[in-house]
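Report on one structure; see the data block that follows.
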Amino acid sequence: MSTGFGGHIRKGKRGKPVGSGMVRAGLGGVNTTIALERGTQPFHQIDGQHYIKPIQHMLAGFKNFDPATEKKLACHPDLPQYAQKIAYESKSISQQATGDLITIAFYYLLRIGEYTTKTKRKKKRTRTRQFREKDVTFFKIINGRMCELPRNAPEADIVTADAATLRISNQKNGHAGACVSNWANLKHPERCPVRALARRVLHIRSHSKSGNAMLCAFWDKFGKGEVTDNMIRFAVKHAAAALDYPSRGIKIERVDTHSLRSGGACALSKAGRKPHEIMKMGRWAPNSLSFMEYIQEQLSSFSMGMSTEMSEIEVFTNMEGAVNGDDLRQATIH
């Protein structure tokens, strides 16, 4: 019966098969419900930790036939620059907010759920909380010292701030109260994430005084609105198409909202930043395995020159080969 139920889950809705992980989650939910009602786990072995053999074999078989996950590819630094340029060529407040958020997301390595609202809300609550206006703190160098600007700082000080910090109350990996900071790009102000944050904060403050408004909020002639994940997705794909990403070997369907976070991480790596600095900026957990996938699999520079360096290594001594290889397991100590 359990394997039959697993097969039914596998079929998915409208005949579209789901992955083995979804089948495992479905069986786990049913198993937990029965355990709470009757005090037994019918899908588990006596030890209570492993599924019974038929279920194990079923899940292993499903996993072998799961399609390979196609990851989204990193965007290049010219994408947020282009998206913001196009946004401010229009007079649409929503497009300008979208352009600024794309710049902020790229340079602060943000997850999509941290700076936008969902187009379709899920009933299930997630850990991730969106950044609010009061989560932004600006800093300015005064008499050689970096000083925090007060929340009621004048507009002139905010638009010329030298750095800005974002603090999130909770995030995907459960690390609450994480902070990430960035300095202003004085050489290229049009690419500056601190200037983009300043525009967002000043716009929100002119319409809301509580500080609780989300960073994605905007007000236009129709009233209050919020930048959604789909708005970011459309702008990112439009910019990738306009910049002819396919000629760079990047298909448009493989560019999405996640490309901003991975693109920012790759840009930092190319700029020579150390892994722990990138992990700090992106707020990855210290033992994160996904972090290295961001860098190693997407950068051609990661393997650049490797074969040349390997071929130039001189003959080396294998010390294990010189050790006596007798099998002493049968030897008896008297």
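Mapping of the sequence shown onto the working numbering: residues 49 to 382, in sequence order.
A virtual CB, placed ideally from N, CA and C, is assigned to each residue, including glycine.
Kindly indicate the opening and closing residues of the beta strand (DSSP E) around residue i.
{"i": "Glu274", "result": "271-274"}
{"i": "Arg180", "result": "Arg180 -> no beta strand (DSSP E), and no H or E assigned at all."}
{"i": "Ala211", "result": "211-216"}
{"i": "Glu196", "result": "193-196"}
{"i": "Phe26", "result": "Summary: the structure shown does not reach residue 26, with the chain confined to residues 49 through 382, and so no result is reported for it."}
{"i": "Asn230", "result": "226-231"}
With distance defined between alpha-carbon atoms, name the residue in the options nearest to residue i.
{"i": "Lys318", "options": "Ala122, Gly69, Asp205", "result": "Ala122"}
{"i": "Ala145", "options": "His92, Lys257, Ile252", "result": "Ile252"}
{"i": "Leu263", "options": "Ser254, Val184, Thr213, Arg159", "result": "Val184"}
{"i": "Glu181", "options": "Pro125, Val249, Glu203", "result": "Val249"}
{"i": "Ala211", "options": "Lys188, Asn200, Ala226, Leu75", "result": "Lys188"}
{"i": "Phe113", "options": "Cys314, Gly271, Gly67", "result": "Gly67"}
{"i": "Phe266", "options": "Glu360, Arg331, Ala315, Ser140", "result": "Ser140"}
{"i": "Pro115", "options": "Ile300, Lys64, Lys299", "result": "Lys64"}
{"i": "Met106", "options": "Ile82, Gly52, Ser138", "result": "Gly52"}
{"i": "Ala204", "options": "Arg247, Ala108, Val228", "result": "Arg247"}
{"i": "Asn38", "options": "Ala244, Ser359, Phe179", "result": "Given that the chain is displayed from residue 49 to residue 382, the structure contains no residue 38 and the question cannot be resolved."}
{"i": "His98", "options": "Lys111, Glu357, Leu75", "result": "Leu75"}
Tell me which residues share the same chain as residue i and place their Cβ nearer than 7 Å to its Cβ, disregarding the 5 neighbours each side in the sequence.
{"i": "Ala135", "result": "Gln143, Gln144, Thr146, Gly147"}
{"i": "Leu291", "result": "Asp126, Leu127, Tyr130"}
{"i": "Pro198", "result": "none"}
Any heavy atom of the ligand ATP inside 7 Å of the beta-carbon of residue i?
{"i": "Arg86", "result": "The ligand ATP is not part of this structure, which contains no ligands at all."}
Rounded to a whole number of angstroms, what is the C-alpha to C-alpha distance between residue i and residue j?
{"i": "Ile100", "j": "Arg62", "result": "29 Å"}
{"i": "Ile94", "j": "Val242", "result": "58 Å"}
{"i": "Arg215", "j": "Thr164", "result": "15 Å"}
{"i": "Gly54", "j": "Lys119", "result": "27 Å"}
{"i": "Lys133", "j": "Asn230", "result": "21 Å"}
{"i": "His255", "j": "Asn191", "result": "33 Å"}
{"i": "Gly222", "j": "Arg309", "result": "In this predicted model, Gly222 has a pLDDT of only 48, less than 50, meaning its place in the structure is not dependable; the value taken from the coordinates is given anyway. Taking the straight line joining both Cα atoms gives about 18 Å."}
{"i": "Ala153", "j": "Pro90", "result": "46 Å"}
{"i": "Ser295", "j": "Ala288", "result": "10 Å"}
{"i": "Ser338", "j": "Gly330", "result": "12 Å"}
{"i": "Ile206", "j": "Glu196", "result": "11 Å"}
{"i": "Val71", "j": "Arg58", "result": "6 Å"}
{"i": "Lys272", "j": "Tyr155", "result": "26 Å"}
{"i": "Trp332", "j": "Ala313", "result": "11 Å"}
{"i": "Leu316", "j": "Leu158", "result": "14 Å"}
{"i": "Pro334", "j": "Lys269", "result": "45 Å"}
{"i": "Ser258", "j": "Ala226", "result": "22 Å"}
{"i": "Glu274", "j": "Gly69", "result": "33 Å"}
{"i": "Glu362", "j": "Ser307", "result": "41 Å"}
{"i": "His286", "j": "Ile298", "result": "13 Å"}
{"i": "Ser50", "j": "Ile103", "result": "7 Å"}
Just reading off the alpha helix (DSSP H) that residue i is part of, what are its end residues?
{"i": "Asp148", "result": "141-156"}
{"i": "Asp277", "result": "277-290"}
{"i": "Met329", "result": "323-330"}
{"i": "Lys133", "result": "126-137"}
{"i": "Cys314", "result": "306-318"}
{"i": "Leu107", "result": "101-112"}
{"i": "His56", "result": "50-59"}
Beta-carbon within less than 8 Å of residue i's beta-carbon, same chain only, minus the 5 sequence neighbours each way: which residues are those?
{"i": "Asp277", "result": "Ile160, Gly161, Thr164, Thr165, Lys166, Thr167, Thr305"}
{"i": "Asn79", "result": "Gln89, Pro90, Phe91, His92"}
{"i": "Lys171", "result": "Per-residue confidence for Lys171 stands at a pLDDT of 47, beneath the threshold of 50, marking its modelled position as unreliable; the derived number appears in the next sentence. Cβ within range, chain order: n/a, list empty."}
Below 8 Å on the Cβ atoms is my guess for residue i versus residue j; work out the distance and round it to an integer in Å.
{"i": "Ala131", "j": "Ala232", "result": "Actually they are not in contact, since the Cβ atoms of Ala131 and Ala232 sit about 19 Å apart, beyond 8 Å."}
{"i": "Ile280", "j": "Leu149", "result": "7 Å"}
Given residue i, which residues of its chain have a CB within under 6 Å of its CB, disregarding the five upstream and five downstream residues?
{"i": "Gly353", "result": "none"}
{"i": "Phe186", "result": "Leu197, Ile206, Ala209, Ala212"}
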